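Protein chains in written order, with the working numbering: chain A, 366 to 508; chain B, 29 to 178; chain C, 301 to 408.
Just so it is clear, CB atoms sit at the ideal spot from N, CA and C, and this is done for glycine as well.
Because the structure is a prediction, the values reported are computed rather than measured.
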């Protein structure tokens, strides 16, 4: 019986530990659950594989040490590929004009509230500055 | 490619021009980052930016504007007899790793062409090591547009 | 896995004493080591870091590209046509994969 319980709890423990890795990106639903559980802002990142501006964000901006540190410390990133059916549905629901798009959500009073968004690639410095502003506005980065 | 790209760098750049005025722009190249470049020069050549002599013997050809930074053509040609050029090095000031390539012409003419990734709008440097130990420099600048796909 | 390597001369048949371009195109993602995948994980660096040109078995040029070369890269060289012979281009990436392409230089 005991061994059985251990077997049951191990995968759950592993999942809980893995879930604490905010350096990686999550599917939309998982990101929202994590954001709610940990009181973090969710950055929904809409991207498409054939858009060179997304590639530029992935290669140089989102991987920039300062950008990725801020995201890891304060945000949960939801990765939404608009080439999938779920991605298309979400893009329609959030009315994003194209990729790359970033929509920022905070869970307040029992509901998800949009606190900011932007569309299009950015330089590293600009993206970092905008992230900090939205972070402060969402109340997850102090004042 | 199923996309309608939009560009708005020009608007941003014009705004910056209006704010900072012309004299500030006349000094440096757009996308210059000497601190980042300096680290790479030390690492690759063991030299500093001030050890490089600007030279019009080097023709460095970069596009003025590149749509995204994924595939930017770079071409360098040195107007020195073959045998007098030991190596040609290319750097991009703003890249996380500024060193783009080192080329040893050996029996080839002192010419090299490639396509590179640029992190963002950046100054590009061609540094030529001559057979007699001089380090010659040519600089250019490429503006990497920001935008999205609709 | 061998890297697909294509070598082309322009003009295809230069005259003796004329300069010509040797262009190499390779099929390779040239992963810079800073790109994030759709799960936010960094894809490890794997780019072509050695390009060697041989003419009739003798090494005649070498390039050492860094992590910022484009995917499916192009490398262009220039030579003076002196005699007919075979160019061999050898590529190598960080993982140890290699590619080889050859082309014949014929004089007009």
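A residue is called buried when at least 16 other Cβ atoms come within 10 angstroms of its Cβ; residue 414(A) does not meet this threshold and is exposed. Residues of chain C with a Cβ closer than 7 Å to the Cβ of residue 133(B) are, in chain order, 361. Interface with chain A (8 Å Cβ-Cβ cutoff): residue 113(B) is excluded. The criterion of a C-beta distance shorter than 8 Å is not satisfied by residue 464(A) and residue 145(B). Residue contact with chain A for residue 143(B): absent (no Cβ-Cβ distance below 8 Å to any residue of chain A). Scanning the region 389 to 427 of chain A from its first residue to its last, the whole alpha helix (DSSP H) runs of 4-plus residues come out as 393 to 403, 417 to 421. Here residue 396(C) is exposed. Its C-beta has fewer than 16 other C-beta atoms within 10 Å. Beta-bridge partners of residue 497(A) (DSSP): none assigned. By the neighbour-count criterion, in which 16 or more other beta carbons inside 10 Å mark a residue as buried, residue 152(B) falls on the buried side. Residue 147(B) is a Cβ neighbour of residue 97(B), given a cutoff of 8 Å. When the beta-carbon positions are compared, residue 341(C) and residue 389(A) come within less than 8 Å of each other.
DSSP places residue 115(B) in no alpha helix (DSSP H) but in the uninterrupted beta strand (DSSP E) bounded by 113 to 120. Relative to the Cα of residue 447(A), the nearest Cα in the group 439(A), 435(A), 468(A), 412(A) belongs to 412(A). Residue 335(C) is positioned such that its CB atom lies no closer than 8 Å to that of residue 486(A).
Put simply, the CB of residue 395(C) is far from chain B, with every gap to its CB atoms at 8 Å or more. Look at the region 103 to 164 of chain B and you find no whole run of alpha helix (DSSP H) that is 4 residues long or longer.
Taking the Cα positions, residue 68(B) is about 43 Å away from residue 453(A). The count of Cβ pairs closer than 8 Å, one atom from the region 117 to 134 of chain B and one from the region 434 to 442 of chain A, stays below three, leaving the stretches out of contact. Among the bridge pairs identified by DSSP, residue 385(C) is matched with 405(C). Residue state for residue 335(C) is assigned as coil, using DSSP reduced to three classes. Of 85(B), 95(B), 86(B), 78(B), the smallest CA-CA separation from residue 421(A) is found for 95(B). Bridge partners of residue 391(C) according to DSSP: 351(C), 399(C). For residue 393(C), the number of other beta carbons within 10 angstroms of its own is at least 16, and it is reported as buried.
Counting along the chain, no alpha helix (DSSP H) covers residue 60(B), and no H or E run does either. Close to residue 129(B), with beta-carbon spacing below 8 Å, are these residues of chain C in chain order: 363, 364, 365, 366, 369.
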